[in-house]
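**Student:** All you need for UniProt numbering is the position in the sequence shown, starting with 1, plus 14. Backbone N, C-alpha and C define an ideal beta-carbon position, used for all residues, glycine too. Would you mind keeping the following structure in view while I ask a few things?
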Amino acid sequence: AVTICEFQGIKIVRVIHQLAEAGISLHGGHLIWYKPAGEKDVIWLSEKAEFDTTKAIRGGIPVCWPWFGKVATPSHGFARNSQWTLNQHRENEHGVIVSLTLEDTEATRAIWPHQFHNEITFEIGRELTVSLTSTNTDEHPWSFTGALHTYFNVAAISDVAVTGMGQGYLDSTKGNEACTGGDTLTFNTETDRVYTSPANPVVIDDKAHQRQLQVTNHGHDAAVIWNPWQALSVSMGDMADNSFETMVCVESAIHEQAIELAPGESHTLSTQITVQK
Ligand code: TA6
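Dropping the structure here:
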């Protein structure tokens, strides 16, 4: 079943199916929970998340678009702060498919002077697939970067290993220094890395939950991995001080090379998440 509920003025599409449950906020086009039947939550949502239409929700899958990071204002683009529209939902034997759309408005054109049509599709079942298709509806070419900035729920970050994201990365904690590392990442400090030749899948080995979260991305050119660790968590009003212990972001990102779209052209960025035992 698909129902719409409202929480602090924010409309949430609730999906309940025998294979999985999920919630998607129209503010941000932002998935805030996903739980396959019989499993623990796959997606992390901050216990101090603020549901406020002027901000992005902390946790879930923020849609960073049409840029990634602080290259312009607002940080990570305006899509995660915009009101999306429920386009359609349908059910089949694999689960529920929900799609939302976002188009340019006077407010978006004041920030970024281009016409666009974005559709985000959530395929919710034993697996979760999120696909963001961006179409140029303008009369001139434009380009964009972005990310599906997924926050994953883990039992204990110090007992997590991430593999499969490739070797070379830019280290944002060291002024974007280009580094090469082994293909296994463990966590004992703030980690903020852009892996620039990502392979598929990236695997989060969540040992204490005795499961692996497999992340397969398409239409991307980077895998971003982020854990704020303690000091940064403490500095953020919408994160509890120790909540970094139960999350890690593994993102499907367009970072290295902006995608240029001619009028009428489209591009799809996606991430597919599978739980394995
Ligand atoms: O993807 C990693 C990152 O860009 C980090 O540098 C960190 O700032 C994080 O995203 C969260 O950004 P936000 O704007 O949501 O606080």
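Between Ile-46, Ser-113, Leu-116, Ala-51, which has its C-alpha nearest Ala-34's C-alpha?
**Tutor:** Closest by alpha carbon: Ala-51.
**Student:** Whole alpha helix (DSSP H) runs in the segment 161-230 with 4 or more residues, listed along the chain?
**Tutor:** Segments of the alpha helix (DSSP H) lying fully in the segment 161-230: there are none.
**Student:** Name the DSSP beta bridge partners of His-281, please?
**Tutor:** Paired residue(s): Ser-148.
**Student:** Grouping DSSP H, G and I as helix and E and B as strand, with all else coil, what is Ile-125?
**Tutor:** Reduced to three states, the DSSP call for Ile-125 is helix.
**Student:** In chain order, which alpha helix (DSSP H) runs of at least 4 residues are fully inside the segment 77-134?
**Tutor:** DSSP runs (the alpha helix (DSSP H)) wholly in the segment 77-134: 120-125.
**Student:** Verify the contact flag: Asp-206, CB atom, against every heavy atom of the ligand COA, threshold strictly below 7 Å.
**Tutor:** As far as ligands go, the structure on display features the ligand TA6 and does not contain the ligand COA.
**Student:** Give me the pocket residues for the ligand TA6, defined as CB within less than 6 Å of any heavy atom, sorted by chain position.
**Tutor:** Going by the Cβ distance cut-off, the answer is Ala-70, Gly-83, Ser-89, His-90, His-163, Ser-186, Asp-206, Val-238, Trp-240, Cys-263, Glu-265.
**Student:** Rounded to a whole number of angstroms, what is the C-alpha to C-alpha distance between Thr-210 and Gln-271?
**Tutor:** Their Cα atoms are separated by approximately 10 Å.
**Student:** Return the first residue and the last residue of the alpha helix (DSSP H) that Leu-33 is part of.
**Tutor:** Premise fails: Leu-33 is in no alpha helix (DSSP H) and is neither H nor E.
**Student:** Counting C-beta neighbours from all protein chains within 10 Å, is the total for Arg-72 16 or more, i.e. buried, or is it exposed?
**Tutor:** Arg-72 should be labelled buried.
**Student:** From Thr-151 to Ser-113, what does the alpha carbon distance come to, in whole angstroms?
**Tutor:** Going by the C-alpha atoms only, they are around 19 Å apart.
**Student:** Please classify Pro-76 as buried or exposed, where buried requires at least 16 other C-beta atoms within 10 Å of its C-beta.
**Tutor:** Buried is the call here.
**Student:** When the Cα of Phe-158 is compared with those of Cys-193, Asn-167, His-90, Gly-42, which residue comes out closest?
**Tutor:** It is His-90 whose Cα lies nearest to the Cα of Phe-158.
**Student:** Tell me the residue span of the alpha helix (DSSP H) that contains Val-238.
**Tutor:** Note, Val-238: premise wrong, no alpha helix (DSSP H); beta strand (DSSP E) at 236-241.
**Student:** Could you check what DSSP says for Gln-286 in three-state terms: helix, strand or coil?
**Tutor:** DSSP places Gln-286 in strand when its eight states are reduced to three.
**Student:** Check whether the segment 188-198 touches the segment 255-265, taking contact to mean three or more Cβ pairs, one atom from each stretch, closer than 8 Å.
**Tutor:** Result no; under three Cβ-Cβ pairs closer than 8 Å.
**Student:** Does the distance from the C-beta atom of Met-261 to that of Tyr-183 stay below 8 Å?
**Tutor:** No, they are not a contact pair.
**Student:** Within 10 angstroms of the Cβ of Phe-21, are there 16 or more other Cβ atoms? Answer buried if so, exposed if not.
**Tutor:** It is exposed - the Cβ of Phe-21 has fewer than 16 other Cβ atoms within 10 Å.
**Student:** Please report the distance separating the alpha-carbon of Phe-82 from that of Ile-273.
**Tutor:** Their backbone Cα atoms lie some 12 Å apart in a straight line.
**Student:** Would you give the residue range spanned by the beta strand (DSSP E) that residue 4 belongs to?
**Tutor:** In this structure the chain extends from 15 to 291, so residue 4 is not present and cannot be described.
**Student:** Which residues in the same chain as Ala-63 place their Cβ atom closer than 7 Å to its Cβ, once the five residues preceding and following it in sequence are excluded?
**Tutor:** Excluding positions up to five away in sequence, the list reads Ile-71, Arg-72, Gly-73, Asp-252.
**Student:** Between Thr-203 and the rest of its own chain, which residues show a CB-CB distance below 7 Å, the 5 nearest in sequence each way excluded?
**Tutor:** Trp-243.
**Student:** What residue range is occupied by the uninterrupted beta strand (DSSP E) comprising Phe-21?
**Tutor:** It spans 16-21 - the beta strand (DSSP E) in which Phe-21 sits, taken as one unbroken run.
**Student:** Tell me whether Thr-17 is buried or exposed, calling it buried when 16 or more other Cβ atoms sit within 10 Å of its Cβ.
**Tutor:** It counts as exposed.
**Student:** With three or more C-beta pairs closer than 8 Å as the rule, is the segment 219-232 touching the segment 164-178?
**Tutor:** The segment 164-178, when compared against the segment 219-232, does touch it at the 8 Å Cβ threshold.
**Student:** Going straight from the alpha carbon of Glu-153 to that of Gly-233, what length do you get?
**Tutor:** About 24 Å.
**Student:** For Gly-278 and Ala-170, I'd like the C-alpha separation in whole angstroms.
**Tutor:** Spanning the two alpha carbons is a distance of roughly 45 Å.
**Student:** Name, in chain order, the residues that DSSP records as bridge partners for Gly-37.
**Tutor:** The partner list for Gly-37 (beta bridge, DSSP) reads Arg-28, Trp-47.
**Student:** So, under 8 Å CB-CB, Val-289 and Val-27 are touching, yes? Tell me the CB distance rounded to an integer number of Å.
**Tutor:** About 22 Å separates the two Cβ atoms, so there is no contact after all.
**Student:** Enumerate in chain order the residues of its own chain whose CB-to-CB distance from Tyr-48 is below 6 Å, with the five nearest sequence positions on each side excluded.
**Tutor:** Cβ neighbours of Tyr-48 beyond the five flanking positions: Ala-36, Val-56, Ile-57, Leu-142.
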